[in-house]
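In the numbering used here, the protein residues as written are 53 to 355. Here a beta-carbon is modelled for each residue, glycine too, at the ideal position from N, C-alpha and C. The structure appears below as structure tokens.
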């Protein structure tokens, strides 16, 4: 028994004890990275997304052909050594177009996330912190947006704004921010009742300082996870807009637009639609897997 107590005491002495807040934070980040790496599916999703970023960055060097170059003599060529993914109805190399289309997909996803995260976070924290009529008005606006499916809402906005990538991003952002605001409000309702927020008020801190320094940092992990998981929906919705001709316009190599064109040749040239469809599927799956792993790391209730 004494040996067990002595062994435990020695283990306690051997455990690294952070000497500062910065070291404690670094240790927490390291443990989070180890937990994320232990989740093989999440790690696979992250590796695939990093690969997409590299492909988008090096697209001019990786793509074997010009994505806009037409060759009617090679139209609807099946996958081969010359064209790994085949060619489309205009003889354009599908692999090259998918590689360049990665840029468009990542541009839409990242820009939409950069808009919906701060907007939803600010609206949700203000509504949850102040309550009363401010909460009532802001949440009724959120309810109006949530009453429609995201694709239908995005279609309505992009129809009013007109087709194009920038208008598609605006439409997707308008459809994607309400769930983020609802989540931030729920987190804020719990945080505002905590003892440290009450202590800040007693010290004379302003509402703006409390929201900025205490409420928003506590809400941020949940918002980041939700935005990451929502990116799969954003990618699918953006592809849907392109499929309907309301996103990126021809001859832009957007995956949804390529899928829309390829549906006309499904019977005799399946690869024209299958290749961009597989790209959309794998990217959405990778985002979901990485988001699940990120949720396990950032969720404070994770066991």
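Can you give the Cα-Cα distance for residue i and residue j, rounded to whole angstroms?
i: residue 139; j: residue 270; result: 50 Å
i: residue 175; j: residue 264; result: 13 Å
i: residue 405; j: residue 258; result: The structure shown does not extend to residue 405, since the chain spans only 53 to 355, so no value can be given for it.
i: residue 87; j: residue 280; result: 18 Å
i: residue 222; j: residue 300; result: 13 Å
i: residue 230; j: residue 278; result: 12 Å
i: residue 187; j: residue 151; result: 45 Å
i: residue 155; j: residue 256; result: 49 Å
i: residue 132; j: residue 94; result: 33 Å
i: residue 105; j: residue 306; result: 16 Å
i: residue 321; j: residue 108; result: 26 Å
i: residue 169; j: residue 261; result: 20 Å
i: residue 101; j: residue 287; result: 13 Å
i: residue 319; j: residue 127; result: 15 Å
i: residue 272; j: residue 302; result: 38 Å
i: residue 90; j: residue 344; result: 13 Å
i: residue 254; j: residue 247; result: 11 Å
i: residue 78; j: residue 304; result: 43 Å
i: residue 331; j: residue 80; result: 35 Å
i: residue 149; j: residue 134; result: 15 Å
i: residue 285; j: residue 245; result: 33 Å
Are the CB atoms of residue i and residue j nearer to each other than 8 Å?
i: residue 291; j: residue 308; result: yes
i: residue 179; j: residue 163; result: no
i: residue 289; j: residue 157; result: no
i: residue 236; j: residue 275; result: yes
i: residue 207; j: residue 298; result: yes
i: residue 84; j: residue 349; result: yes
i: residue 129; j: residue 267; result: no
i: residue 199; j: residue 210; result: no
i: residue 203; j: residue 197; result: no
i: residue 96; j: residue 283; result: no
i: residue 145; j: residue 112; result: no
If we count the other Cβ atoms within 10 Å of its Cβ and call it buried at 16 or more, is residue i buried or exposed?
i: residue 120; result: exposed
i: residue 82; result: exposed
i: residue 228; result: buried
i: residue 333; result: exposed
i: residue 323; result: buried
i: residue 192; result: exposed
i: residue 124; result: exposed
i: residue 316; result: exposed
i: residue 365; result: Nothing can be reported for residue 365: it is not among the residues displayed for the chain, which extend from 53 to 355.
i: residue 110; result: exposed
Whole-angstrom Cβ separation of residue i and residue j, contact assumed at under 8 Å?
i: residue 142; j: residue 122; result: 5 Å
i: residue 173; j: residue 243; result: Not really, about 13 Å apart at Cβ, beyond 8 Å.
i: residue 224; j: residue 160; result: 7 Å
i: residue 194; j: residue 234; result: 6 Å
Using a Cβ-Cβ cut-off of 6 Å (strictly less than) and excluding sequence neighbours within five positions of residue i, which residues of its own chain qualify?
i: residue 136; result: 147
i: residue 347; result: 277
i: residue 311; result: 295, 325, 328, 329
i: residue 98; result: 342
i: residue 217; result: 300
i: residue 241; result: 180
i: residue 238; result: none
i: residue 153; result: 305, 306, 307
Kindly list the residues whose CB is nearer than 8 Å to the CB of residue i, restricted to its own chain and excluding five residues on each side of it in sequence; keep chain order.
i: residue 92; result: none
i: residue 185; result: none
Given residue i, which residues of its chain have a CB within under 7 Å of its CB, disregarding the five upstream and five downstream residues?
i: residue 56; result: Any reading at residue 56 must be qualified, since the residue scores a pLDDT of 45, below 50, and its modelled position is unreliable; the value itself is stated next. Cβ neighbours of residue 56 beyond the five flanking positions: none.
i: residue 252; result: 262, 266
Does residue i come within less than 8 Å of chain D when only Cβ atoms are used?
i: residue 291; result: Annotation note: the requested chain D is absent from the structure, which comprises a single protein chain.
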